[in-house]
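Chain order of the listed sequences is A and B. Residue 7 is where the first sequence starts when you use the working numbering, and the numbers rise one by one after that. Residue 11 is where the second sequence starts when you use the working numbering, and the numbers rise one by one after that. By construction, the Cβ of each residue, glycine as well, lies at the ideal position given by its N, Cα and C atoms.
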Amino acid sequence: MIEFILNNQAIKTEQPPGSTVLDFVRYHKKLTGTKIGCREGDCGACTILVGAFENNTLVYRNVTSCLMPLINAQGKHIVTIEGINQTELTPVQQAMVDSSGTQCGFCTIGFVMSLTGFVMNQTQTSFTDAIKNIDGNICRCTGYKSIEKAAKILSTQIENKPTHNTLNWLTKNKYLPDYFLGIEERLRKISIQQYPENKSAIKLGGATDLNVQKHQLIKKSAVQNLYDNASLKTIETINNEIILGASVTVAQFAESSIIQPIFPNLNKHIKLVSSTPIRNMATLAGNFVNASPIGDMTAFFIALDASIIFNTNRKIKLKDFYKGYKLLDKAEDEIIEKIVFSIPSSTSFFNFEKVCKRTHLDIASVNTACLINIDDNNIIQQIHLSAGGVAPYPKYLSNTCSFLLNKPINKTVLQEAITIMQQEIAPISDARGTTEYKKLLLRQLFLAHFAELNVEINFIIN
Amino acid sequence: MNTPSQHNNFIGPEYPNHVKGRSIYVDDIPVMEGTVYIKIFDATIAHAKIASIDYSEAEQIEGVIKIFSAKDIPGENQIGGIVPDEPLLADDEVHYCGQPILLIAAENEDAAEDALHKIKIEYEPLEIITNPRVAFAKGKLLSPTRKFVIGNSAEVFKNCKYVFEGTTETNGQEHLYLETQGAYAYPTEFNSIKIFSSTQGPTAVQRTAARVLGINMNNVEVDVTRLGGGFGGKEDQASTYGTMAALVAFILKRPAKCVLHRMEDMRMTGKRNPYSSDFKIGLDDNLKILAYEVTFYQNGGAAADLSPAILERTLFHCTNSYFIPNVTATANSCKTNLPPNTAFRGFGGPQGMFVIEAAIDFAAKKIGVEPYTIQQKNLLQNKNELPYGQIIENCEAEKCYNNVMQKANISQLKNEIENFNIKNKFKKKGFAFMPICFGISFTHTTLNQARALVHVYTDGSVGVSTGGVEMGQGLNPKMIQVAAKALGISTSKIKLETTNTTRVANTSPSAASSTTDLNGHAVQHACQQINTSFHSFIKKDLQLNEEDIIEFKNEILTVNNQSKNISWNELIAKAYLARTNLSAKGFYATPTINFDKTKEKGHPFSYHVYGTALTVATIDCLRGTYEIDFVKVCHDVGTSMNEKIDIGQLEGGLVQGIGWMTMEEIVYNEQGKLLSNALSTYKIPDIYSVPKKIDFEFLDTQNDNLAILKSKAVGEPPLMYGIGTYFAIRNAVLAFNSKSAITYNAPITPEKVLMGLYNK
């Protein structure tokens, strides 16, 4: 049985733990405000808010309910538009009306929920943050300019929002109904019980990929929730190494005060990875085991030369995890528990590049990450390069790296490196681009790493 | 020239309902007990004979009630609107991937889904054609070739100083209405059926369902609350799903629901027609375009659907906003093995305009002038004759163009962009002007008619029904405005009812940017009739003179402009007691329009809408990505009756056009299988990809026209401003690589940009 709070209502349900929260609210609870647009987390029409304890603080995040398995609702506060509605329009709803941020109305509820998530956020309060919170919401009618206006109105309105007792302020100003004030206490009475270990069960993290591909299967299968396992949620530094729990989400990784100082351009990089509601759910290890040839975080961590540790205590390099298309070096009952990487030295440089049809909320045509350390004599002392979209699995460009190691950066070396790189990839033509394009694109993104390092690359291009 | 803020901003009750999630779409209608769920079993091969099909095992699955094939259709297995060439369910052959073959009716969706996997089908493959030129070469046409001719282009080319020829391609576009196709139907008394449909064309659904079920149209009631977007995709193709729900409900005598999953919707439904085109353009010394020849190869897909009508509009707009005295335009609707392509905002117009813009751009680059020099010298003027014989009146082409040129300070902008391009090795900017001229009316003259039903209830409140469908375009608020103005009462007294074929019959689809004009006039007409009977009652009751002028101002009676201190409500109540008719049916048929298809000449449009957009884009020459700096537009709205709605249509249309021209790429493989079959592989603009700044200026004109309240149609025209983005990005590519062999092939995806930057 799964127990949680839906809006202001206590829920205990025997519905399949692998069914989606979307189907639960729409078809079992008849809360039809939440819409179905795509069932793959790519449109945001089904956006809801999920309140859960993070480091013992109740935090609300916007997620796409089409991808969220019901089991992941255990012990949480699930909020649909019906749980936000009051007699008068809330300031978020009013801003959307005043700026004509709605036309056909079908995507609108998703925007209202995401923007409500924004006004609830403790730290991210700027206009840019408001836009970031709706980066997973697609609208086909308005062209977004009116929705930008609504976001502007709201970011101005919350300028004076206090950082303490924020919930009081939010309810007093009618952003939220009063019942929100009692939720924390009520939630603390519901345990985040773990489903007992079940070897044959499908293991679920955020399910953001599984529920796209295998939604029917998950609904009908026994599932085990790894997502809320506290021991898989930690971010630690031990002996110059970062140790991440496997269920740390991309959002938690990006927001971590431990991680941020390591990557000066982290926000820029993470902005290229899916969207806010997906990052709020998607786990790092989930991205790895999914084995997509174009997994963004996989490319990111391969270039960090990260390792993964299984529940069996086996430890391998992430780059050695992939043996073929969707083929992993992993026994059936092995589960990734930890992700480990050494903090790059202060002289090193890390970069992540990704190009797709649409810059944001899209899957890469090609992505690549690079960790490089160049000494004062312009010699490459350390280099790790990854590339996605150019092989059946996330690729560590080992030949290219071996070639570049201990070489000086100059025209001849980079040109030779490109030749070697082109020989160790084999992209296929698909909806994301032709073989020729992906080859050219990887060359360009390889050069982009150096351009970001302020290496003069003009001479190579022409 | 007015700034938008001076206009009316009435938004009606829709928006507050939307933001609360209380607006009702098909899938939100509470289902009745006993509802049956429908899944469609569709073709996985683009062209084949069905050798055998066996669904006996599927029928045994618990929860499956019945599996319907073509043989279960009581009436005609035919849904073609213009040409009868499309079955509801494939019988012996399939003609495209995604073509419906069987309907599974089950107690729940899971059972229906399970049944899908138990159906055994064998195909005998036939030749698959996906390219319209190949289809044309094999003589596969969906409708006869059309040709518009004015002057004598062949002769005049001989006297042109410059003559250029070229080829262009524009890809299709997925509608991506956020609400997928769907319908819910239930049986009613007397062998009848009621269908709740997400359709732009309630009568099309009614007609199709009646035909397929073999019953009269008066046995089919279609009701439409609202659409979660349509954009043309639900003009004709919603009939398929409405009819499927009706068929199952009719046979099983149970309510039946058919709502598509996004991936089903994407693979089964048609899209904007892709076009492949050849042009030849001739100019004189002064850069006047003297002659233009163009041949369009429209990719129609496997059935005619609306393609013949779309083809016609391509011809109407083949010279865009320019006067060209000698034109020969030929258009072929080619039959391929893709889902039948269909209406999409602009309806063939954008495809025609892209070619003339490419021709002008090509000529400009060859001659060594700016494209805008050629554009500006050839803009339409009053009294010019269009290739189809209509004479231009109230032309605003030059006013809009010059307005944008001045506001943008073009010489300064050009300098800035040139300097930027010199300074930046890996960033380049490009700009382009895009003028538009779009004809308003259905080109099929018959469709330019509308009806409305207005009731005044005894408490003074008013209910309005029209044949128009609210799909986000703001029809309902505008209808309320029209009725409020005509009756002299507050908008809060008026409610827009659902669109229902038993209240308003024989509706034209909500399309062609004409819904507000047509239905607005019909509402006006109904209100006038109520005014006539109601006012004559008042005159009698208050013993006024026949010549006295009666009006309501803020719901208070005024006689000859003198306030009488008697309210609307009071008088309505009295009028009812005195047995006055307080209901009326309005009718409107657009006057003056005509078109003779045998001559391809006439006056098909009630008026034209003009405008010009300037787009500036920046490309990243290392990565091949781009951003749109700004779009500046001057648009002819006539006298906007609702600024908020019109701005919404302008911005939304522009961004949809930009999507079509940039990132939205439909990919079929050679076997006719859709590869861009989900939102993960087909990308429409998100909030980060829209222009950083969009400036719209209304060209406010007081000219008499046939627009309702002089507020010109605004649905489709702005989409075509998006074409400017294509050329702005292309020009930026050329600023990096002047020798680039980049062709005129839209959309200009990051792939095409990167390949264009580095080819030689």
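Other residues of its chain near residue i: CB distance less than 7 Å, five sequence neighbours each side excluded
i	result
B:P26	none
A:T318	E340
B:N591	S543
Proximity of residue i and residue j at Cβ, strictly below 8 Å
i	j	result
B:N741	B:F441	yes
A:I342	A:A252	yes
B:R355	B:L729	yes
B:A627	B:N181	no
B:G478	B:T508	no
A:G149	B:V665	yes
A:G473	A:P299	Beyond the ends of chain A as shown, which are 7 and 468, falls residue 473 of chain A; an answer cannot be given.
B:S498	B:F547	Looking at the sequence provided, one finds Gly at residue 498 of chain B rather than Ser. It is not a contact, given that the beta carbons lie outside the stated cut-off.
B:Y35	B:E189	yes
B:L316	A:R146	no
B:S593	B:T602	no
B:T511	B:Y586	no
B:P349	B:G239	no
A:G81	A:I198	yes
B:P265	B:G44	yes
Residue-chain proximity (residue i, chain B), Cβ-Cβ < 8 Å
i	result
A:R194	no
A:H366	yes
A:Y150	yes
A:D215	no
A:Q109	yes
A:I87	yes
A:D335	no
A:G43	yes
A:D135	no
A:N179	no
A:A51	yes
Proximal residues to residue i (C-beta, below 6 Å), its chain only, five neighbours per side dropped
i	result
A:N405	I426, E430
B:I299	L293, I334, N388
B:S475	L463, E507, R513, V514
B:F372	F174, G176
B:F430	K439
B:K762	none
CB contact check: residue i to chain A, cutoff 8 Å
i	result
B:L664	yes
B:M673	yes
B:I694	yes
B:K433	no
B:K30	yes
B:P760	yes
B:K792	In the structure as shown, chain B begins at 11 and stops at 770. Residue 792 of chain B is therefore absent and cannot be evaluated.
B:G682	no
B:Y698	yes
B:E274	no
Own chain residues within Cβ distance below 8 Å of residue i, not counting five before or after
i	result
A:C362	D368, I369, A370, S371, R438
B:E726	R355, G356, F357, G359, F448, A522, S523, G663
**Study point:** Inter-stretch contact (C-beta, 8 Å, three-pair minimum) for the segment 28-37 of chain A and the segment 258-278 of chain A
**Key:** no
Exercise for review: Starting from the N-terminal side, write out each stretch of the alpha helix (DSSP H) that is 4 residues or longer and does not extend beyond the segment 167-214 of chain B.
Suggested key: none
Check your understanding: Do the segment 128-142 of chain A and the segment 33-46 of chain A touch if we need at least three Cβ pairs shorter than 8 Å?
Key -> no
Point to revise | Runs of beta strand (DSSP E) wholly within the segment 331-366 of chain A (minimum 3 residues, chain order) | key: 342-348, 354-361
Practice item. Only counting runs of 4 or more residues, tell me where the alpha helix (DSSP H) segments fall wholly within the segment 566-650 of chain B, in order along the chain. Key: 578-587
Check your understanding: Do three or more CB pairs link the segment 278-290 of chain B to the segment 301-309 of chain B at distances below 8 Å?
Key -> yes
Exercise for review: Pick out the complete beta strand (DSSP E) segments inside the segment 491-522 of chain B, 3 residues or longer, and give them in chain order.
Suggested key: 504-506
Practice item. Mind listing, in chain order, the continuous alpha helix (DSSP H) runs of no fewer than 4 residues lying wholly within the segment 133-183 of chain A? Key: 133-139, 151-163, 172-178
Practice item. Give, in chain order, every unbroken run of the alpha helix (DSSP H) that is at least 4 residues long and sits entirely within the segment 299-368 of chain B. Key: 317-326
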